[in-house]
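Residue numbers (numbering that gives the first Met the number 0), protein chains in the order written: chain A, 0 to 461; chain B, 0 to 461; chain C, 0 to 461. We put the CB at the ideal spot given by N, CA and C, even for glycine.
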Amino acid sequence: MALNFVLKTPRNLREAIDSFDLEQEGATLYNMVRDLYPICRSITGEGVRQSLRLLQRNVPLAIREVASGAQVFDWTVPKEWNVRDAWIKNAKGEKLVDLHQSNLHIVSYSVPVRSTMSFAELRPHLFSIPEQPDWIPYRTSYYKETWGFCLSHRQLEGLRDGTYEVCIDATLSPGYLTYGELKVQGATEAEVLISAHSCHPSLCNDNLSGMAVAARLARCLLQLPLRYSYRFLWIPGTIGAISWLALNESALAKIKHGLVLSCVGDPGRFTYKRSRRGNAEIDRVVELVLKESGNAFDILDFAPSGYDERQYCSPGINLPLGCFMRTPNNKYPQYHTSADDLTFVKPSALAGSFYQLLKVVEVLEANRRFVNLNPKCEPQLGRRGLYRTTGGTRTAGLEEAMLWVLNFSDGNHDLVHIAERAGLEFTVVNSAVERLIAHGLLATPTRSASKAGSHRAMGKMA
Amino acid sequence: MALNFVLKTPRNLREAIDSFDLEQEGATLYNMVRDLYPICRSITGEGVRQSLRLLQRNVPLAIREVASGAQVFDWTVPKEWNVRDAWIKNAKGEKLVDLHQSNLHIVSYSVPVRSTMSFAELRPHLFSIPEQPDWIPYRTSYYKETWGFCLSHRQLEGLRDGTYEVCIDATLSPGYLTYGELKVQGATEAEVLISAHSCHPSLCNDNLSGMAVAARLARCLLQLPLRYSYRFLWIPGTIGAISWLALNESALAKIKHGLVLSCVGDPGRFTYKRSRRGNAEIDRVVELVLKESGNAFDILDFAPSGYDERQYCSPGINLPLGCFMRTPNNKYPQYHTSADDLTFVKPSALAGSFYQLLKVVEVLEANRRFVNLNPKCEPQLGRRGLYRTTGGTRTAGLEEAMLWVLNFSDGNHDLVHIAERAGLEFTVVNSAVERLIAHGLLATPTRSASKAGSHRAMGKMA
Amino acid sequence: MALNFVLKTPRNLREAIDSFDLEQEGATLYNMVRDLYPICRSITGEGVRQSLRLLQRNVPLAIREVASGAQVFDWTVPKEWNVRDAWIKNAKGEKLVDLHQSNLHIVSYSVPVRSTMSFAELRPHLFSIPEQPDWIPYRTSYYKETWGFCLSHRQLEGLRDGTYEVCIDATLSPGYLTYGELKVQGATEAEVLISAHSCHPSLCNDNLSGMAVAARLARCLLQLPLRYSYRFLWIPGTIGAISWLALNESALAKIKHGLVLSCVGDPGRFTYKRSRRGNAEIDRVVELVLKESGNAFDILDFAPSGYDERQYCSPGINLPLGCFMRTPNNKYPQYHTSADDLTFVKPSALAGSFYQLLKVVEVLEANRRFVNLNPKCEPQLGRRGLYRTTGGTRTAGLEEAMLWVLNFSDGNHDLVHIAERAGLEFTVVNSAVERLIAHGLLATPTRSASKAGSHRAMGKMA
């Protein structure tokens, strides 16, 4: 399996972050999106398999399948849908709408049609956006058997009364729901779940961006020593997440944190939608990282609409998982239209998302509660070489961080809390921790779970 | 008993709200205030009985009496006071101040007087408002035996040195404290207490408005199927509420929510003063209803001054009861003066208060915690006809409400919480609940207490 | 022991506050600062002893000593340092820098030196402030044996290449760490700790101001009946506080509240830095007092830098102790320079700090939770002469305060909470309490601990 080593291999997260090449990584991510763009995806079918195989050039993900008809909680895995051709011709035989021009032209899960009909008969099967006359909308009909075409409003207006020949050469028959999965093994079995929906056809931001960034992040983490294990899913929206949760229900307790990645390629600012719990560690971690980024960002409370956080955060599942985005669904005009194309996503935006996620991982990995081993008064940092020897001057950053860590390490406050409260950068707080541990002044409440181990393993869940 | 059916009989609260005729109801309420206005009320006496009898034309309230001398907690029910005539004449025998001109002229509970005296002797017994020279103040002396007259400052200034003949033809003797009570029987014995003070003489907003609105609300609820029972009190301020609480102490645990109604007829915006608990269900319900009204309103924290919430929310009673007002006591210049008259209260304000109270009752009746019966991932709403079949489009209001209800119905969040958090109208959330229950997706945590039953019963407390 | 009675002896805190003479007290405090100013202090040595002896003219504090080498938690009490002379002479024998011009010229804890050296050799031992060319900085080197001089940047610039004669006639040898302690005995053994660091040389605001104000406060409290005992410490920063805590660890549970006093003589507004607990009673008390002062003030959250709250609020000690200041350390340019001199502190500022501290003590002494003995409805205040007899009028301040106290005295809310919530002055709330107690309407939950006792005792801790 030929892995594509773009980054010089860093030895740990900090090096990965320090050596991060925004331009090169942007190009890599953009090329991945560009390669995935032409494939006709849906919640099942060859397009999904093809996309996952393409991602396998970057990461050794496993392709898994669930058979049509499988019962997953309240749902049934649907038949597999594949489309070979779809068009509308006028009486002269001219193709007016053609799947090969845009994957969005076909309503996803359309049943096969081959028929000649009047415009009046055809009209109810046509979808356009009058307000955006040049854009093709994205429509699906997964659970009601029907057919339809999406087209630009200008195309629709070009259609006159007359007869049209309509062809949808598709199959809807027992098969599989396909998804990609990769576990990056860390020192512990405690897991971080990263999920990107992979079912949308040629829409770049929603969600080729998430698929690509997840792949690059997984690729990078495979090289690094990690405390947590990281489980990545490239999975069809809704039915995919539900299937995975149903099949892996007994192992969900391992998941300590998680993120849904979507719409991470547009040039808008970052948006983080909190987990249903609202103050989970992942929520505090992402907020700290975005705060430290120095750029404006938005924090949204959990709402049960959006992406697969709907399933991961359903009340009976309730994982501590938020949604990491740039501009959220429904908040950009190009959303769910043909304008969410290769011009809408930007290399720098893709790479910037990856970079912030690396920082999220860094904080997650380092974040813990420690215990001050010398809790009565300050320890004498000076005689350990941890403090300036000339008094009367102002406390410097690292000294200040040591004082904060010592004071609040009573087993109740984690480092994210301390960094937030102290107004210090997380990396400074973390450096203070390392120095204090090295001098025997700080320890984890239970020492067993504290060592960051090594890496590089892939395996099935459970 | 001839009930005055003004509303066409609605079958439930929603119909009562939908068919609410603001103009007609305003006229009805205003006429009630107008009829009550001339009666000379105090905390005891014929004026109270007469007022309650007048209300009986609208609602079958029971008139109850507590004998003078009864011990009620730290208080003793006072003697009954009645006044037939009261005036001040000058030396020429001209009546300068005359009870029959305004009930406010007499200090409530004045002892009988028949005497001729100098202005110097008279002066300490006269009360006016220099800042409002045309208005007569309202004064009482329930618990210290004295006498006095209230008059406009202009009247006072017209008095010169000279001798005056003073007559107060009043009786203060063992009798009764009188109040009105009505229980509207609902499906359960859990009660909502609605209390309006009935002791003030000719003051329209404070509190003929509350007395009339309470009567119309009771009248309306008598026709409707209800979950809760509703207990209405028209009761003298302080001593009345204390008496009722003392006599009904053993049954107070039934009271789950409550409202004091006062000053609900002026054209000012709504004010809700929270219960002592501060976050009782009634507090959240009223705030949601006022928020949904779309108009500005004020929320006040509990304070131990004001109306009978002072007693209902005393620390040893501590009922979850707030105070529903328009402009609060002391916050309008007409307060406790003759300017709180028939021109100060407005039919539309009275009817608007009634209308908001109906909505409060609607939310109270419907508000519960539910349990999602399919809590692992979303249930498939589409195959139940509860969700749009064409995907890729935006979630509509009712679908969104269903998602919110499903996600937060874990037994910990009630519908008011969900509506607040979702930013959706309560009725939409409630419709979602009804649809989900109908499809077996939602239930009350304990099913026994959940049926809304029928109605129309009056009875004694306990 | 000749005590210097400046105040006419008040009988209680209220009288002490009412008779407080801002001008006279300002003069007294300023004179104390002036007398302490010339003494060369450090964390050990004769300067500390001399300073404490000077304070003994005001208060009968005990001078205590801990031997060099004593192990106190993670620290060791250092050798005692004394300096007799220190200067730099140029080749002509002219003294360019002279300890007798300013105590700040010597780096505290400098080891003895007698040597002639080039400017290049001397330069690393010289400290100045280029941004403030006329000010001498304050520097220490307690735990690293070295030597140095502080001088104005203008002096430094006057030094040319050439040879200099350097003399530091100091001793650093086994001796003692010295501090002052005074316990003002109250009716109970529950203690309030007041601590002022006493180690800085000629710096007036930091902290001759705190030393003087603590002394005057102690002096005043000695005359008054008190509920709490008050323990005052004049103690070297860091090592002093650590030593005291280590030596008195078993008695720390007695300390119920505490304040570090520092920088209380500059004309800036008050700053209160909360205890580590953040909502300790002392935090709420000081905030209320500052709010009632009517002047702007700042509240800071706890941070583990600053003064001896670093030790008192270390996680294993965690006393409910905040830091009472005017302008905080590092927040005024004169901080830790020779400009923190007798012109920087003001008599009125010193006296104003003392005054606010008296009010803090007053609130602390009076603050409790009470229990309404008549919790069911309001008690009838009128028949006890506690309420106006004419009704219809507005509730006055004291009546209002009685209603608030009665309503919230359920054993869960203290008077500070009630005053805050009611928006009433603490003294009014306290007057209400006194009246209610006198009428048998209010009591402390457990009566035993409620009597304020008498005073005037000094003793050792434990």
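### Task
For R273/B, count neighbouring C-beta atoms within 10 Å of its own C-beta (all shown protein chains included) and say buried if the count is 16 or more, exposed if not.
Position 274 of the second sequence holds residue 273/B. R273/B should be labelled buried.
### Task
Report buried or exposed for S172/A, applying the criterion of at least 16 other Cβ atoms within 10 angstroms of its Cβ.
Taking the first sequence and counting its residues from 1, the one referred to as residue 172/A is at position 173. Classification of S172/A: exposed, given that the 10 Å Cβ count is below 16.
### Query
Can you name the residues of chain A whose CB is closer than 9 Å to the CB of D20/B?
Start at 1 with the first residue of the second sequence, and residue 20/B comes out as number 21. What D20/B touches in chain A: nothing, since even the nearest Cβ is about 38 Å away.
### Query
Would DSSP call Y141/B helix, strand or coil?
Within the second sequence, the letter at position 142 stands for residue 141/B. Reduced to three states, the DSSP call for Y141/B is coil.
### Query
Around the Cβ of K462/A, are there at least 16 other Cβ atoms within 10 angstroms (buried) or fewer (exposed)?
Residue numbering for chain A in the displayed model covers 0 to 461; residue 462/A lies beyond these limits and cannot be assessed.
### Query
How is the alpha helix (DSSP H) around C198/A delimited, first residue to last?
Here residue 198/A refers to the residue found at position 199 when the first sequence is read from its first residue. Neither: C198/A is in no alpha helix (DSSP H) and is coded neither H nor E.
### Query
Using a beta-carbon distance below 7 Å, is L98/A in contact with chain B?
Position 99 of the first sequence holds residue 98/A. Chain B contact via Cβ: absent.
### Query
Does the beta carbon of S453/B come closer than 7 Å to any beta carbon on chain A?
Sequence index remark: in the second sequence, residue 453/B carries index 454 (1-based). Model confidence at S453/B stands at a pLDDT of 36, short of 50, so the residue's coordinates are unreliable and nothing is read from them.
### Query
When the distance is taken between beta carbons, is N89/B closer than 7 Å to L98/B?
Within the second sequence, residue 98/B is the residue found at index 99, counting from 1. Within the second sequence, residue 89/B is the residue found at index 90, counting from 1. No, the pair does not count as a contact, with Cβ atoms beyond the cut-off.
### Message
Just verifying my parser: in three-state terms, what is the DSSP assignment at G147/A?
### Response
Here residue 147/A is taken as the residue at index 148 of the first sequence, counted from 1. Note: G147/A maps to coil in three-state DSSP.
### Query
What residue from K143/B, R113/B, E286/B has the CA that sits closest to G384/C's CA?
Along the third sequence, read from residue 1 onward, the residue named residue 384/C stands at position 385. With distances taken between Cα atoms, G384/C lies closest to K143/B.
### Task
Report yes if the C-beta distance between D409/C and P314/B is below 7 Å; otherwise report no.
Here residue 409/C refers to the residue found at position 410 of the third sequence. Here residue 314/B refers to the residue found at position 315 of the second sequence. Yes, they are a contact pair.
### Message
Using C-beta distances below 7 Å, list every residue in its chain close to P303/C, excluding the 5 sequence neighbours before and after it, in chain order.
### Response
Here residue 303/C refers to the residue found at position 304 of the third sequence. Closer than 7 Å at Cβ, skipping near neighbours: R309.
### Message
Between F462/A and E14/A, how many whole angstroms is the CB-CB distance? I'm expecting something under 8 Å.
### Response
Look at the range of chain A in this structure, 0 to 461, and you will see that residue 462/A is not part of it.
### Near-chain B residues of the region 403-419 of chain C - C-beta to any C-beta below 8 Å
W403, L405, N406, F407, S408, D409
### Interfacial residues, the region 282-310 of chain C to chain B, with Cβ spacing under 8 Å
none
### Message
So if DSSP puts V415/C in a beta bridge, which residue, or which two residues, is it bridged to?
### Response
As a position in the third sequence, residue 415/C is number 416, starting the count at 1. Paired residues: none, contrary to the question.
### Query
When burial is assigned at 16 or more other CB atoms within 10 Å of the CB, is L176/B buried or exposed?
Indexing the second sequence from 1 puts residue 176/B at position 177. Classification for L176/B: buried.
### Message
Does F343/C come out as helix, strand or coil in the three-state DSSP assignment?
### Response
Looking up residue 343/C in the third sequence gives position 344. If DSSP states are grouped into helix, strand and coil, F343/C belongs with coil.
### Query
Under 7 Å between the Cβ atoms of V165/A and S114/A?
Here residue 165/A refers to the residue found at position 166 of the first sequence. Here residue 114/A refers to the residue found at position 115 of the first sequence. Yes.
### Query
Taking C-alpha atoms, which residue in K358/C, R367/C, I128/C, S117/C lies nearest to I436/C?
On the third sequence, position 437 is the one that residue 436/C refers to. I436/C has its Cα closest to that of R367/C, out of K358/C, R367/C, I128/C, S117/C.
### Task
Say whether the region 62-71 of chain A touches the region 237-246 of chain A, bearing in mind that this needs 3 or more beta-carbon pairs closer than 8 Å, one atom from each stretch.
yes
### Message
According to DSSP, simplified to helix, strand and coil, what is G267/A?
### Response
The sequence position of residue 267/A within the first sequence is 268, counting from 1. Here G267/A sits in coil by DSSP.
### Task
To the nearest angstrom, report how far apart D271/A and G321/A are at their CA atoms.
Counting from 1 along the first sequence, the entry for residue 271/A is found at position 272. Counting from 1 along the first sequence, the entry for residue 321/A is found at position 322. According to the sequence shown, residue 271/A is Tyr rather than Asp. Approximately 7 Å between the Cα atoms of the pair.
### Neighbourhood of T388/C by C-beta distance below 7 Å, restricted to the same chain and skipping five residues each side
For the purposes of this step, residue 388/C is taken as the residue at position 389 of the third sequence. Within the same chain, T388/C has close Cβ partners G381.
### Query
Who are the near neighbours of S430/C in its chain, counting only those whose CB is closer than 8 Å to its CB and skipping five residues on each side?
Translated into positions along the third sequence, residue 430/C becomes position 431. Within the same chain, S430/C has close Cβ partners L397, A400.
### The beta strand (DSSP E) enclosing R113/B, as first and last residue numbers
Here the question's residue 113/B lines up with position 114 in the second sequence. Element bounds for R113/B: 112-117.
#### Entry: 7 Å Cβ cutoff, G44/C in contact with chain A
Start at 1 with the first residue of the third sequence, and residue 44/C comes out as number 45. Not one chain A Cβ lies under 7 Å of G44/C.
### Query
Along the region 324-342 of chain A, what residues have a CB closer than 8 Å to any CB found in chain B?
N329, H335
### Message
Restricting to Cα atoms, I'd like to know which of L402/A, I87/A, Y178/A, L125/A is closest to T43/A.
### Response
Your numbering for residue 43/A matches position 44 in the first sequence. Looking at the Cα atoms, Y178/A is the closest of the given residues.
### Task
Determine the contact status of I193/C and A213/C, defining contact as a CB-CB distance below 7 Å.
Against the third sequence, residue 193/C aligns to sequence position 194. Against the third sequence, residue 213/C aligns to sequence position 214. Result yes, Cβ atoms of I193/C and A213/C sit closer than 7 Å.
### Message
Which residues in chain A have a C-beta closer than 8 Å to the C-beta of P314/C? List them in chain order.
### Response
Translated into positions along the third sequence, residue 314/C becomes position 315. Near P314/C (Cβ distances below 8 Å), the residues of chain A are N371, P374, L405, N406, F407, S408, D409.
### Task
Using a Cβ-Cβ cut-off of 7 Å, state whether G391/C counts as contacting chain B.
By one-based count along the third sequence, residue 391/C stands at place 392. It does: the Cβ of G391/C has a partner Cβ on chain B nearer than 7 Å.
### Message
Check whether the region 278-290 of chain A and the region 220-229 of chain A are in contact - that is, three or more C-beta pairs closer than 8 Å.
### Response
no
### Message
For K182/A, list the residues DSSP reports as bridge partners.
### Response
Translated into positions along the first sequence, residue 182/A becomes position 183. R230/A.
### Query
Does I9/A get closer than 7 Å to chain C when you measure Cβ to Cβ?
To locate residue 9/A, count along the first sequence from 1; it is residue 10. Before going further, note that residue 9/A is Pro rather than Ile in the sequence given. So no, P9/A is outside the interface.
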